[in-house]
Every structure is written in C-alpha cells, then in structure tokens.
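Inspection log for the structure reproduced underneath, given as structure tokens.
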Ligand code: PGA
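In the numbering used here, the protein residues as written are 153 to 393.
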C-alpha cells in the first residue's frame with residue numbers, strides 16, 4: 153500500500169528503462185510487478201504503450217467470481233485489467249485479515265479458474281522458528297493452501313519467513329536452502345511436475361544479498377518488497393538474477 157498512481161507508473165518506467173541498459177536481461181529471467189489495485193491500469197497502459205517486457209500481477213483477490221461482495225476484487229477483474237499473476241496468502245493478509253490456509257487455497261483455486269497464476273505465500277513466525285516448528289508449519293501451510301489442479305504452469309510458491317519481511321534481516325543461506333529443499337519435496341505430494349514449480353524466497357532481499365540467494369539450489373527467484381520501491385535496487389536484484 154505504497155505511493156500514488158503517478159508514482160507507480162514512474163517507478164515501473166524507471167525499472168524498465170534501467171533494465172533496457174542490461175542486454176537481454178528479460179530473456180534470462182521473468183520480471184513481474186504487482187502494484188496496488190488502483191495502480192494496475194495506469195501501470196498496464198504504460199507497459200503496453202512502451203512495449204516493455206514486464207509482467208503484471210495483483211497483491212490479492214476474492215474467492216468469488218462476481219456479485220454482491222462490496223469492496224472485493226474478483227480474479228476475473230484482475231485478468232481483465234491485464235494481470236497474469238496474483239499473490240495470495242501474503243503474511244500481511246494472513247495476519248491483518250485473519251486469512252486461513254483454507255481461504256488462501258480457495259483464492260488460489262479461484263485465480264486458476266480465471267486463468268491467473270497464483271503466487272501462494274507461506275512462512276513461519278519467529279516464535280515458530282525459535283521453537284523448532286518451522287518445517288511443520290510450512291509443511292502444513294503447503295498442504296492446506298495449494299489447491300487441487302495446481303501445476304508448475306499455474307502456481308508459484310513464495311517462501312517468506314514472517315520475521316524476515318521488512319526487517320532488513322534475511323534468512324541465512326543455509327536456512328533458505330533447507331526450507332526450499334523441503335518445499336520442493338512437499339510439492340512432490342501435490343504435483344506431477346513438482347521439479348518445475350518456481351519457489352521464490354522473500355524477506356529482505358536486496359542487491360547486496362540477491363546473488364548469494366539466487367545461487368541456492370531450489371531458489372528460482374525472489375519476492376521483493378521494500379527494495380522494489382526504488383528502481384535502482386529492483387534492477388540491482390534483476391541483474392543478480
Ligand atoms: P521485504 O518484503 O522485501 O521488504 O522484506 C517482502 C514482502 O513484502 O513480501
């Protein structure tokens with residue numbers, strides 16, 4: 153929930169023009185921006201007008217298709233606004249809106265039904281990590297949040313330890329590696345093409361630590377918060393990717 157429509161357009165424009173200096177960068181990785189709902193259309197218009205190779209996504213969606221759900225945004229509306237992706241179950245949604253795994257699962261399913269790819273977020277709290285429950289918590293979140301019909305084509309998993317989000321303190325490479333290996337194994341129970349599903353790490357990713365994180369086996373990308381609010385730091389991470 154940052155900035156204005158003009159600011160969002162300027163930010164994505166800034167990102168795109170810095171990336172244009174990096175030869176073939178968009179052929180070597182996929183780049184997705186997920187602005188606030190109200191900023192989707194102006195950002196989309198700018199991206200399309202300039203023919204930038206940047207994908208568009210949203211930060212949440214309703215479980216419903218359409219109807220009397222005042223204040224909600226249907227996945228079909230997001231698709232209609234040019235989105236290909238939607239984030240579901242971000243820890244801030246889980247915490248501030250009491251979103252459960254069941255609801256997150258229903259959102260992911262609704263997103264799939266509207267042709268969107270769901271980025272399903274999971275992550276343990278500091279208490280859960282310190283009390284040795286991190287793997288159990290993530291295992292249970294994966295089990296209950298990933299819907300039937302999920303595949304590497306329509307689903308991305310984002311592992312974001314809650315304590316690492318916005319704290320400036322990313323998880324250690326060892327902890328990231330262990331959790332991403334675990335998530336890949338868990339996905340085996342869910343998907344035939346589990347080897348291909350993208351597993352992103354999120355939580356205080358910045359240009360200074362991105363290369364080290366991207367080198368970790370089973371890390372296929374990053375979900376970036378604070379560092380995506382400045383074109384230079386987003387593109388620093390893009391170059392590391
Ligand atoms: P951060 O946020 O990169 O600022 O830690 C991540 C997120 O918002 O999911």
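We put the beta carbon where it would ideally sit given N, CA and C, even for glycine.
All values derive from a computational prediction rather than experimental measurement.
Span separating the alpha-carbon of residue 378 from that of residue 389:
12 Å
Taking the straight line between their C-alpha atoms, what separation do you get for residue 265 and residue 328?
31 Å
What residue from 301, 304 and 273 has the CA that sits closest to residue 291's CA?
273
Sort 347, 286 and 352 by Cα distance to residue 368 and report the nearest one.
352
The region 161 to 173 / the region 230 to 244 touching (three or more Cβ pairs under 8 Å):
no
Using the C-alpha atoms, what's the distance from residue 311 back to residue 334?
11 Å
Please work out which residues of its chain come closer than 7 Å, Cβ to Cβ, to residue 251, disregarding the five sequence neighbours upstream and downstream, and give them in chain order.
241 and 245
Taking a contact to mean a Cβ-Cβ separation below 9 Å, would you say residue 349 touches residue 304 in this structure?
yes
Residue 322 vs residue 355 beta-carbon contact at 9 Å
yes
Quick one: what's got a C-beta closer than 7 Å to residue 154's C-beta in the same chain, skipping five residues either side?
381
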